[in-house]
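Shown next, in structure tokens, is the structure this report addresses.
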Amino acid sequence: MRSLKRFGFAVTAVLGLVWGDSALAGPTLDGVKSRGVVTCAVNTGLAGFGMPDQQGDYKGLDADTCRAIAAAVLGDAKKVKFIPTTTQQRFTVLQSGEADVLTRNTTWTLLRDTEQGFNFAPVTYYDGQGFMVAKKAGIKSAKELDGATICVQPGTTTELNLADYFRTNRMTFKPLVVEKLAEVENAFFSGRCDAYTTDRSGLAATRAGKASNPDDYVILPDVISKEPLAPAVRHGDDEWFDIVKWTIYAMIGAEEKGIASSSVDDALKSEDPDVKRMLGVTPGLGKALHIDEKWAYNVIKQVGNYGEVFERNVGSKTPLKLERGLNGLWSQGGLMYAMPFR
Amino acid sequence: MNASSTRRGSAWWNDERSRELLFQALIIGVVIAVLAYLGHNATVNLRRQGIVGGFGFLSHEAGFEISPALIPYTPADSYADAMLVGLLNTLLVAAIGIVFATALGLIVGLLRLSGNWLVARLALGYVELMRNTPLVLQLFVWWNLLRISAPGPRAAWQVLPGVFVSNRGVAFPVPEYDPGFRWVLAALLVAILASAALARWAGRRQARTGRPFPVLSAALALIVLLPTVVFVALGAPFHLDIPQLGAFNFKGGVTVTPEFAALVFGLVVYTAAFIGEIVRGGIQAVSRGQSEAALALGLKRRHVLRLVVLPQAVRTMIPPLTNEYLNLAKNSTLAVAIGFADYFSVANTILNQTGQAIEAMTLIAAVYLSLSLGLSLLMNLYNRRVALVER
Numbered sequence: 475m476r477s478l479k480r481f482g483f484a485v486t487a488v489l490g491l492v493w494g495d496s497a498l499a500g501p502t503l504d505g506v507k508s509r510g511v512v513t514c515a516v517n518t519g520l521a522g523f524g525m526p527d528q529q530g531d532y533k534g535l536d537a538d539t540c541r542a543i544a545a546a547v548l549g550d551a552k553k554v555k556f557i558p559t560t561t562q563q564r565f566t567v568l569q570s571g572e573a574d575v576l577t578r579n580t581t582w583t584l585l586r587d588t589e590q591g592f593n594f595a596p597v598t599y600y601d602g603q604g605f606m607v608a609k610k611a612g613i614k615s616a617k618e619l620d621g622a623t624i625c626v627q628p629g630t631t632t633e634l635n636l637a638d639y640f641r642t643n644r645m646t647f648k649p650l651v652v653e654k655l656a657e658v659e660n661a662f663f664s665g666r667c668d669a670y671t672t673d674r675s676g677l678a679a680t681r682a683g684k685a686s687n688p689d690d691y692v693i694l695p696d697v698i699s700k701e702p703l704a705p706a707v708r709h710g711d712d713e714w715f716d717i718v719k720w721t722i723y724a725m726i727g728a729e730e731k732g733i734a735s736s737s738v739d740d741a742l743k744s745e746d747p748d749v750k751r752m753l754g755v756t757p758g759l760g761k762a763l764h765i766d767e768k769w770a771y772n773v774i775k776q777v778g779n780y781g782e783v784f785e786r787n788v789g790s791k792t793p794l795k796l797e798r799g800l801n802g803l804w805s806q807g808g809l810m811y812a813m814p815f816r
Numbered sequence: 064m065n066a067s068s069t070r071r072g073s074a075w076w077n078d079e080r081s082r083e084l085l086f087q088a089l090i091i092g093v094v095i096a097v098l099a100y101l102g103h104n105a106t107v108n109l110r111r112q113g114i115v116g117g118f119g120f121l122s123h124e125a126g127f128e129i130s131p132a133l134i135p136y137t138p139a140d141s142y143a144d145a146m147l148v149g150l151l152n153t154l155l156v157a158a159i160g161i162v163f164a165t166a167l168g169l170i171v172g173l174l175r176l177s178g179n180w181l182v183a184r185l186a187l188g189y190v191e192l193m194r195n196t197p198l199v200l201q202l203f204v205w206w207n208l209l210r211i212s213a214p215g216p217r218a219a220w221q222v223l224p225g226v227f228v229s230n231r232g233v234a235f236p237v238p239e240y241d242p243g244f245r246w247v248l249a250a251l252l253v254a255i256l257a258s259a260a261l262a263r264w265a266g267r268r269q270a271r272t273g274r275p276f277p278v279l280s281a282a283l284a285l286i287v288l289l290p291t292v293v294f295v296a297l298g299a300p301f302h303l304d305i306p307q308l309g310a311f312n313f314k315g316g317v318t319v320t321p322e323f324a325a326l327v328f329g330l331v332v333y334t335a336a337f338i339g340e341i342v343r344g345g346i347q348a349v350s351r352g353q354s355e356a357a358l359a360l361g362l363k364r365r366h367v368l369r370l371v372v373l374p375q376a377v378r379t380m381i382p383p384l385t386n387e388y389l390n391l392a393k394n395s396t397l398a399v400a401i402g403f404a405d406y407f408s409v410a411n412t413i414l415n416q417t418g419q420a421i422e423a424m425t426l427i428a429a430v431y432l433s434l435s436l437g438l439s440l441l442m443n444l445y446n447r448r449v450a451l452v453e454r
């Protein structure tokens, strides 16, 4: 019986590939349920986003997004499997179906959203390209970097943004372009470059993880590009796309309503109809997503709201020391905004 | 026709000649078919993915910065300009590398043959260490050493007036161009030509009369004095572009970056180990009787080496030496690992930025193929000159 079901699966998948445009309902969710685990493609090691700790347990914002999806779908945040991927592997791993979702600090761009065949869930971290310099250089703004040597990785949008920024501001610079991340970081920390440029969260992670004394380095306030980092799923499975999307909205929505992992049990008694629908006290939303009515409750109880996840992994009490900034709630001047739970 | 008539009755496919022809035709046919299939496949796939092929992208704006650049270059220049910048960097590394690797290799080869036990063993140790560790590892070692041992630009060591050593490289002054220099250069050219004529004359005279002439010192005097006289006569039109410490780096003069230095140094000491063994082999291939005979004639030891042994050794050394030169040129692509913007590194960046994989790969292959074939051609010409003339 099971093998028959699998066969049916394969047939639907192949048909889906051949006809392509038919929006199939369900193969990913069914696969996740039958395997009893959500498989996520994550970074090989970026502090604060996706990096295994000493016990080999993946920690970070991206890893927690994956756990939240498992909590929503399977009722258990521990039922996850992480596949560490490099920048080159990440899309193939998702495309081939090896992973159910890509939670790997990936920038949402038009071409990835269309030609490369992915759908992006809501942004989990609004990032932008920035610069890190040694504190003793006494530089306060990127505008003072005229004539500097700058470390950068080749073939990235970072490299192009960098040249654009200096051209726009009529300044010159000398790039030091090195292929491997560890070597770029070494070159910067040994003083070969005056500044290192990449996504600002990446700068914070490098400073926290690789500098001998993180306090000797400052990240300049200038942000020279937009890098919205969002989870991605394959084209063609709207049901799964909806689940991933609303799991993230549930975390943001919980923060909007002031519900944290510690207070979610009290919130079950809330009179607020919004909260009652979200937590499944008033049933309907879980059924609409084809998952358990307790889905959002499980996410908040086991993983936490967005603010908790942020503070735990990258916030001011972590080595990364990132401000909420753009990643604060919309009501507090940020961009985090949950769609209505109805 | 004769063959077929003598083997009457045997079918054509039993004929050895026609069988060979048939198989060769078949193989050529299969190769053409495979190539055509691959080409067709690539075209179809590219069209399906909506990728525009062709080399049109070369005229588009590159948008990224390259440093160091031997010619003026900005991100507003085209991909073709960027490739040219990379190509010139590669040629510079290859040219300097080959000259110094040859010189060092010659010395190492001679030291390997030294009668002094310690010197010979040290040379052997050097050769074995260099030949048996990966080049990319050596490059990382040199790069890290250069970067870590030197101070930042603000604390740069001024080793000579106007020459600064820091972790940004060695900055040194260069003469600024002055119209008067043309005459100085012309004088230098005249001096070089005159020296060549002098050497010819001295050679002939020695052959005729046996009296030697101090060609080397005479030529040196000519080459140094004549341009100096012209220079002074013009009122010394000299002006140095001296490096000045800017906000971050030295401005003015010329800076040799640690990446360039590490790459050239690494390639030189690595290749010199192989060249040293070629030199040793070449010298040992010259029969002992040759040097014994020369010594018996009363030649000094250094004359024996220069006039009798090396000219004969060079003949056996040229073909393997060509190989080492080609290796050095191709090994320069390891620049990508230590952040030097050579042709391969720039072309790779362009590949990443444009997505024109097939075109970029073709250009990379074409450039290194031309570089290698050009080098081989030069070496083969030289080889023909020094080869034994057989009559």
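Sequence lines, in order, name chains A and B. The number in my numbering is simply the position in the first sequence, starting from 1, with 474 added. The number in my numbering is simply the position in the second sequence, starting from 1, with 63 added. We treat Cβ as the ideally placed atom computed from N, Cα and C, and that holds for glycine. Please read these numbers as outputs of a predicted model, since none were measured by experiment.
With respect to chain A, the C-beta atom of Ser141(B) has no partner C-beta closer than 9 Å. Within the stretch 490 to 565 of chain A, the runs of alpha helix (DSSP H) at least 4 residues long that lie entirely inside it are, in chain order, 501 to 509, 535 to 548. Counting along the chain, Pro747(A) sits inside the alpha helix (DSSP H) bounded by residues 747 to 752.
When Cβ-Cβ separations below 9 Å define contact, Pro138(B) makes contact with chain A. In this structure Val295(B) is exposed. Its beta-carbon is surrounded by fewer than 16 other beta-carbon atoms within 10 angstroms. When Val182(B), Ile129(B), Ala219(B), Leu209(B) are compared, the shortest CA-CA separation from Phe313(B) is found for Ala219(B).
Between Val409(B) and Gly149(B), the C-beta gap is smaller than 9 Å, which places the two residues in contact. Of the candidates Thr165(B), Ile159(B), Ala125(B), Met442(B), Ala125(B) places its Cα closest to the Cα of Leu147(B). In this chain, Ser686(A) is not harboured by any alpha helix (DSSP H), its DSSP state being neither H nor E. DSSP places Ala661(A) outside any beta strand (DSSP E); the residue lies instead in the alpha helix (DSSP H), whose first and last residues are 655 to 663.
Counting the other Cβ atoms within 10 Å of the Cβ of Tyr532(A) gives 16 or more, which makes it buried.
In the DSSP assignment, Pro382(B) falls within the unbroken alpha helix (DSSP H) covering 373 to 394. Secondary structure at Asp140(B): coil, using DSSP grouped into helix, strand and coil. For secondary structure counted as the beta strand (DSSP E) over 3 or more consecutive residues, the stretch 665 to 725 of chain A holds these complete runs in sequence order: 669 to 673, 691 to 693, 701 to 703, 706 to 708. Boundaries of the alpha helix (DSSP H) harbouring Thr412(B): 406 to 417, taken from the DSSP string.
Note that the C-beta distance between Thr792(A) and Arg798(A) is not below 9 Å. Ranked by Cα distance from Lys609(A), the options Pro688(A), Phe784(A), Arg816(A), Ile698(A) are led by Pro688(A). Under the 8 Å Cβ criterion, the stretch 722 to 739 of chain A counts as touching the stretch 800 to 813 of chain A, having at least three qualifying pairs. Using a Cβ distance threshold of 9 Å, Leu202(B) and Ala450(B) do not count as a contacting pair. DSSP places Asp740(A) in the uninterrupted alpha helix (DSSP H) bounded by 738 to 741. Around the Cβ of Ser686(A), a 10 Å sphere holds fewer than 16 other Cβ atoms; the residue is exposed. In the three-state scheme derived from DSSP, where H, G and I count as helix and E and B as strand, Gln307(B) is classed as strand.
Phe523(A) sits buried, since 16 or more C-beta atoms from the chains shown fall within 10 Å of its C-beta. In terms of beta-carbon proximity, Thr412(B) lines the interface with chain A, with at least one pair separated by less than 9 Å. When DSSP states are grouped into helix, strand and coil, Trp220(B) belongs to the strand group.
Chain B places no beta carbon closer than 9 Å to that of Leu796(A), leaving this residue out of the contacts. In the three-state scheme derived from DSSP, where H, G and I count as helix and E and B as strand, Pro197(B) is classed as coil. If one requires a minimum length of 4 residues, the alpha helix (DSSP H) runs lying completely within the stretch 201 to 276 of chain B are 244 to 272, in chain order. For a Cβ distance threshold of 9 Å, residue set Asn660, Ala661, Ser664, Gly665, Arg666 of chain A lies close to Arg210(B), ordered along the chain.
Nearest Cα to Thr379(B) within the set Leu397(B), Leu358(B), Val342(B): Val342(B). For Phe647(A), the uninterrupted beta strand (DSSP E) segment begins and ends at 647 to 651. In this structure, the alpha-carbon of His302(B) lies about 27 Å from that of Pro321(B). By the rule that beta-carbons nearer than 9 Å mark a contact, Gly316(B) does not touch chain A. Leu391(B) and Glu128(B) have their alpha carbons spaced roughly 27 Å apart. Spanning the alpha carbons of His366(B) and Leu185(B) requires a straight line of approximately 25 Å. The way I'd put it, the stretch 352 to 366 of chain B doesn't touch the stretch 259 to 279 of chain B; fewer than three beta-carbon pairs between them come closer than 8 Å.
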